[in-house]
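What follows is a set of notes on a single structure, which appears directly below.
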Amino acid sequence: MPFLTPLQVIEAEDIHAKCGLGYVHTSHCLASGEVMVSTLGDPKGNGKGGFVLLDGETFEVKGTWEQPGGAAPLGYDFWYQPRHNVMISTEWAAPNVFRDGFNPADVEAGLYGSHIHVWDWQRHEIVQTLPLQDGLIPLEVRFLHNPDAAQGFVGCALSSTIQHFYKNQGGSWSVEKVIQVPPKKVKGWLLPEMPSLITDILLSLDDRFLYFSNWLHGDLRQYDVSDPHRPRLTGQVRC
Numbered sequence: 564m565p566f567l568t569p570l571q572v573i574e575a576e577d578i579h580a581k582c583g584l585g586y587v588h589t590s591h592c593l594a595s596g597e598v599m600v601s602t603l604g605d606p607k608g609n610g611k612g613g614f615v616l617l618d619g620e621t622f623e624v625k626g627t628w629e630q631p632g633g634a635a636p637l638g639y640d641f642w643y644q645p646r647h648n649v650m651i652s653t654e655w656a657a658p659n660v661f662r663d664g665f666n667p668a669d670v671e672a673g674l675y676g677s678h679i680h681v682w683d684w685q686r687h688e689i690v691q692t693l694p695l696q697d698g699l700i701p702l703e704v705r706f707l708h709n710p711d712a713a714q715g716f717v718g719c720a721l722s723s724t725i726q727h728f729y730k731n732q733g734g735s736w737s738v739e740k741v742i743q744v745p746p747k748k749v750k751g752w753l754l755p756e757m758p759s760l761i762t763d764i765l766l767s768l769d770d771r772f773l774y775f776s777n778w779l780h781g782d783l784r785q786y787d788v789s790d791p792h793r794p795r796l797t798g799q800v801r802c
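Residue numbers for the sequence shown follow the working numbering, beginning at 564 and rising by one.
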């Protein structure tokens, strides 16, 4: 069986020089033909939630998507819904914080993310920053597949919650905690209670079910989100 070989490598130094960004994370293709990549920080490992634009044909680094000086303080995942002129981005922590491993003291110091950012898709700027109730380390963000639906979900790893974000009638955005996975009491671990540590989340193509993995508890869950304000647990598989 032949091995796959890289077609092209985009060097970190090129991103550093042209964008002032580093620690790339999520990539998505845009309708413009460009590729957009989120970042966790700047070249020195400080927090900086910006976005790198690549040419979709040559993969040349073109620059940043956000307005100059308009990066979020922290970054991780992002997803957009052009029909509603919006993008949502999440935040983990500065690379310098988690590079050497997890330290509970950094949580107490407020160094981990607890907000989501609402961007104007056309103007490329943050219009709202929403604090999360029990929303430490919001990672994966998923809009509903229906392009008319101005809502979606975010999984928060450390606090083990699912947050539902939605557009209000006046045009602003709100977020609410809709699922809480309780921690387990443990011994011999770095904390007295072990969170489930929600990692990836996915929506079924018909937007009826939400799936997520509890990485530390070792199970997968299915929720009926036909009413996104009141999800119902409908399935669970223990690994």
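A virtual CB, placed ideally from N, CA and C, is assigned to each residue, including glycine.
Only a predicted model underlies this, so the values are computations on that prediction, with no experimental measurement involved.
Using 10 angstroms around the beta-carbon of R793, count the other beta-carbons present and answer buried if the total reaches 16, otherwise exposed. exposed
The stretch 649-666 contacting the stretch 605-621, beta-carbon criterion three pairs below 8 Å: yes
Whole-angstrom C-beta distance between M599 and W628, which should lie under 8 Å: 6 Å
Would a C-beta distance cut-off of 8 Å place L766 and L773 closer than the cut-off? yes
Using 8 Å for Cβ pairs, my map puts T762 next to A720. What's the rounded Cβ distance? 7 Å
Looking at the unbroken beta strand (DSSP E) that takes in F716, where does it start and where does it end? Q714 to C719
Within 10 Å of its beta-carbon, does C802 have 16 or more other beta-carbons around it, so buried, or fewer, so exposed? exposed
Residues near D770 by beta carbon distance below 8 Å, same chain, minus five either side: L707, H708, N709, A712 and V788
How many Å lie between G633 and V749 at the Cα? 42 Å
Among R705, L754 and A594, whose alpha-carbon lies nearest the alpha-carbon of P667? L754
What ranges does the beta strand (DSSP E) occupy inside the stretch 771-795, keeping only unbroken runs of at least 3 residues that lie completely in it? 772-777 and 782-787
Residue interval of the beta strand (DSSP E) (run including D683): H678 to D683
Taking C-beta to C-beta, are W684 and L603 nearer than 8 Å? no
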